[in-house]
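Have a look at the structure below, then the notes.
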Amino acid sequence: MATPNKVARIYLRVSTLQQNLDRQREVIEEAKRKGFYIAGVYEEKASGVNANRPELTRLINDLQEGDWVIAERLDRITRLPPREAELLIKQITEKGARLHVPDVFSFGNIDDLMGADDSLPKYLAEPLMEALQKMFLRMALSIAHEDWKTRRDRAQQGIERAKAAGKMKGRAANKTLHNNIIQLTLKGLSITQIASTLNCSMSTVSKVRRSYKASHKSGDKDQFDFFVKDR
Numbered sequence: 199m200a201t202p203n204k205v206a207r208i209y210l211r212v213s214t215l216q217q218n219l220d221r222q223r224e225v226i227e228e229a230k231r232k233g234f235y236i237a238g239v240y241e242e243k244a245s246g247v248n249a250n251r252p253e254l255t256r257l258i259n260d261l262q263e264g265d266w267v268i269a270e271r272l273d274r275i276t277r278l279p280p281r282e283a284e285l286l287i288k289q290i291t292e293k294g295a296r297l298h299v300p301d302v303f304s305f306g307n308i309d310d311l312m313g314a315d316d317s318l319p320k321y322l323a324e325p326l327m328e329a330l331q332k333m334f335l336r337m338a339l340s341i342a343h344e345d346w347k348t349r350r351d352r353a354q355q356g357i358e359r360a361k362a363a364g365k366m367k368g369r370a371a372n373k374t375l376h377n378n379i380i381q382l383t384l385k386g387l388s389i390t391q392i393a394s395t396l397n398c399s400m401s402t403v404s405k406v407r408r409s410y411k412a413s414h415k416s417g418d419k420d421q422f423d424f425f426v427k428d429r
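Heads up, this note's numbering is the position in the sequence shown plus 198, with the first residue counted as 1.
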């Protein structure tokens, strides 16, 4: 049996556990129709700005010279800042593999990218094509990262607007835990002892004690009751 000319490893990623990969799986069938042999499909639910992604790492480790890495979009592979993203892509290309994003671009050999009717001789066309590839890659990586920043900022703005409108509240205080911290403090236990007894962090104990001390000095009875009486 002849060895396939084009071997593909397909990377699929969504950012959250609630999202699914069904739409992205269409690239698998598309790759098969284009004549690729699918050597592996790597599925991940993680942020594109996370550099430590087990499945992407496994894909890179599995790469053989001549393999193609296929993703639905470039931002599926990375949304890291451009400099870090370029280093990630370099890990792929240094193994002799090529990157392919359907209907967008394909970073492959010059022979794969140039048609038979190209008028420029190869010794001129090759460096020109490589320079254009690098320029386009940097631009695409920058766009992917900027898009992530825009989405993040919009989400944060939405949260702030909801809080301002009273539609979203911060995490409710654990009144029982707070009261227990104060009671143990009044009994003379240290921060370490209280954290160990109540199975909470030392920072939580310190924060509650500071709040209690500040409110007690202010003479604000409502705040005082919050700490010393379980309402």
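Don't be surprised by glycine CBs; every beta carbon is placed ideally from N, CA and C.
Keep in mind that this is a model prediction, so the values were computed, not measured.
Beta-carbon proximity of R336 to E253, cut-off 8 Å: Residue 336 sits at position 138 when you count from the first residue of the sequence shown. Residue 253 sits at position 55 when you count from the first residue of the sequence shown. Cβ atoms of R336 and E253: not closer than 8 Å.
Short Cβ contact (8 Å threshold) for P280 with L339: As a first step, residue 280 must be located in the sequence shown, where it is residue number 82. As a first step, residue 339 must be located in the sequence shown, where it is residue number 141. Yes, the pair counts as a contact, with Cβ atoms nearer than the cut-off.
Close-in-space but distant-in-sequence residues of the same chain around R251 (CB under 6 Å, 5 per side omitted): Against the sequence shown, residue 251 aligns to sequence position 53. Hits under 6 Å: E242, A244.
Bounding residues of the alpha helix (DSSP H) (the contiguous stretch that carries K243): Taking the sequence shown and counting its residues from 1, the one referred to as residue 243 is at position 45. It is not in any alpha helix (DSSP H) - K243 instead sits in the beta strand (DSSP E) that spans 235–243.
Coarse secondary structure for L272, derived from DSSP in three states: The sequence position of residue 272 within the sequence shown is 74, counting from 1. Here L272 sits in helix by DSSP.
Nearest-angstrom Cα separation, counted from V205 out to T276: In the sequence shown, residue 276 corresponds to position 78, counting from 1. In the sequence shown, residue 205 corresponds to position 7, counting from 1. So the alpha carbons of these two residues sit roughly 22 Å apart.
Start and end residues, alpha helix (DSSP H) containing A249: Position 51 of the sequence shown, counted from the start, is the residue given in the question as residue 249. No alpha helix (DSSP H) contains A249, which DSSP labels as neither H nor E.
L297 - DSSP class collapsed to helix/strand/coil: On the sequence shown, residue 297 is found 99 positions in, with the first residue counted as 1. Looking at L297 - three-state DSSP - the assignment turns out to be strand.
Beta carbon of L210 nearer than 8 Å to that of R274: Working through the sequence shown from its first residue, we reach residue 210 at position 12. Working through the sequence shown from its first residue, we reach residue 274 at position 76. In this structure, R274 lies closer than 8 Å to L210 by Cβ.
Exposed unless 16 or more other CB atoms sit within 10 angstroms - verdict on I208: Position 10 of the sequence shown, counted from the first residue, corresponds to residue 208. It counts as buried.
Coarse secondary structure for R349, derived from DSSP in three states: For the purposes of this step, residue 349 is identified with residue 151 of the sequence shown, where counting begins at 1. R349: helix per DSSP, three-state reduction.
At least three beta-carbon pairs within less than 8 Å, the segment 253–265 to the segment 288–299: yes
Assigned secondary structure, R221 (DSSP; H/G/I helix, E/B strand, else coil): Residue numbering aside, residue 221 sits at position 23 when the sequence shown is read from its first letter. R221 falls in the coil class under three-state DSSP.
Three CB pairs or more closer than 8 Å across the segment 371–380 and the segment 390–401: yes
Neighbourhood of T402 by C-beta distance below 8 Å, restricted to the same chain and skipping five residues each side: Counted from its first residue, the sequence shown places residue 402 at position 204. Contacts found: L375, I379, A393.
Helix, strand or coil at A206 [DSSP, three-state]: Here residue 206 is taken as the residue at index 8 of the sequence shown, counted from 1. Strand.
Spatial neighbours of A229 in its chain, beta-carbon cut-off 7 Å, leaving aside the 5 residues before and after: In the sequence shown, the residue the question calls residue 229 occupies position 31. Correct list, in chain order: A206, I208, I236, I268.
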